Each structure stands twice: as structure tokens, then as C-alpha cells.
Amino acid sequence: MDIFRTAWPDLVVRLDLWHFMRRLAVGVTTDTHGLYATFMGELSAAIFCWDKSDLNLLKEAKRQQLIQANITDPSDSDVSVRIDRKELSLHCRRMTRSTEVIRERIQAVLELFGGDSGRDTMGVPLFHERIWEL
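Numbering of the sequence shown is given in the numbering used here, commencing with residue 9 and proceeding in unit increments.
And the structure:
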């Protein structure tokens, strides 16, 4: 490793977020655990958010679509429920949250799934003990 520091003293290696998420997933007992997909979804939501201006434009377009379908004065929840994941990814940019927010949210996700709510119906925990070392 010292060879790299001498040859490239200004080299900075960064881990992209997808690989970071996969590294945390190493602390999971198995990817077939019943809560694995939910955990990965919550982990993703802790890191990424939708661009608010894009999301507001999509909600307004969906509201107009509902009005044209004779749904008078749709509520915000009516509009949000009818926006699917495909529409979000097609029309809205995803952004990463601030470092502090990501850190707080990941900690909350780990604590949530590290407790009793992180066990499947057979009582098998989602995490190995090593999750806290990761």
C-alpha cells in the first residue's frame, strides 16, 4: 500500500453508493431472508431522495390527469398513491442526501432491523453480529 502513496500521493479512492450498500449487505445473514428486500429498500431511501421540483411537476401532471378522468379535486394522497415507481424514475431525478442525513438515516435503519423487528417469522435475525463492525 505504501507503494501507491509514494507513486500517487494525491490519489483518493471513493466507493460509489451502490457498492457501499452491497458492503453493508455483507452483514446480513442471507439475501433470502424475508426482510432482506425491505432492508435494502430502506437503505436506499436513507441515501437517495427524489428531486423536489421534479416531483412537484410530476404530482401536478398526475393531478391534471386525474381531473381529466373525472376525479374532482383529488387530494394530495390520491395523487401520490397513483404515481408508480416507473413514473418516478422516468420523470424525476434521484439525488443523494447530505452526508449527515445519510449517516443518521442509515443508523436508524440499522437500529430498526437490528432489534426484534429485524427477525423473520422463525425468529432468525436479519443481521450477523458483524454488521456493527461494517
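Yeah, the Cβ is synthetic: ideal placement off N, Cα and C, and Gly gets one too. All values derive from a computational prediction rather than experimental measurement.
For a test of the three-state rule: what should DSSP assign to residue i, helix, strand or coil?
| i | result |
| --- | --- |
| Val36 | strand |
| Thr46 | helix |
| Arg22 | coil |
| Arg127 | strand |
| Ala3 | Residue 3 is absent from the structure shown; the chain starts at 9 and stops at 142. |
For the candidate residues the options, whose alpha-carbon lies nearest to that of residue i?
| i | options | result |
| --- | --- | --- |
| Glu141 | Arg113, Gly35, Asp124, Gly42 | Gly35 |
| Leu66 | Glu137, Ala77, Val87 | Val87 |
Around the C-beta of residue i, are 16 or more other C-beta atoms found within 10 angstroms, so that it is buried, or is it exposed?
| i | result |
| --- | --- |
| Leu19 | exposed |
| Gly123 | exposed |
| Lys60 | exposed |
| Lys94 | exposed |
For a quick check, are the C-beta atoms of residue i and residue j less than 8 Å apart?
| i | j | result |
| --- | --- | --- |
| Arg90 | Asp62 | no |
| Thr107 | Phe56 | no |
| Glu50 | Val117 | yes |
| Ala160 | Ile139 | Because the chain here runs from 9 to 142, residue 160 falls outside it and cannot be looked at. |
| Thr37 | Phe135 | yes |
| Asp39 | Ala33 | yes |
| Trp58 | Leu96 | yes |
On the DSSP bridge list, what partners appear for residue i?
| i | result |
| --- | --- |
| Trp58 | Arg102 |
| Phe82 | For clarity, residue 82 is Pro in the given sequence; the question names Phe instead. Beta-bridge pairing links Pro82 to no other residue. |
| Phe135 | Val36 |
Under 7 Å from any heavy atom of the ligand FAD, does the C-beta of residue i make it?
| i | result |
| --- | --- |
| Glu137 | By its list of ligands, the structure shown contains no ligand whatsoever, and the ligand FAD lies outside what it can speak to. |
Using a Cβ-Cβ distance under 8 Å, would residue i count as near chain D?
| i | result |
| --- | --- |
| Asp62 | Looking for chain D here will not work: only one protein chain is present. |
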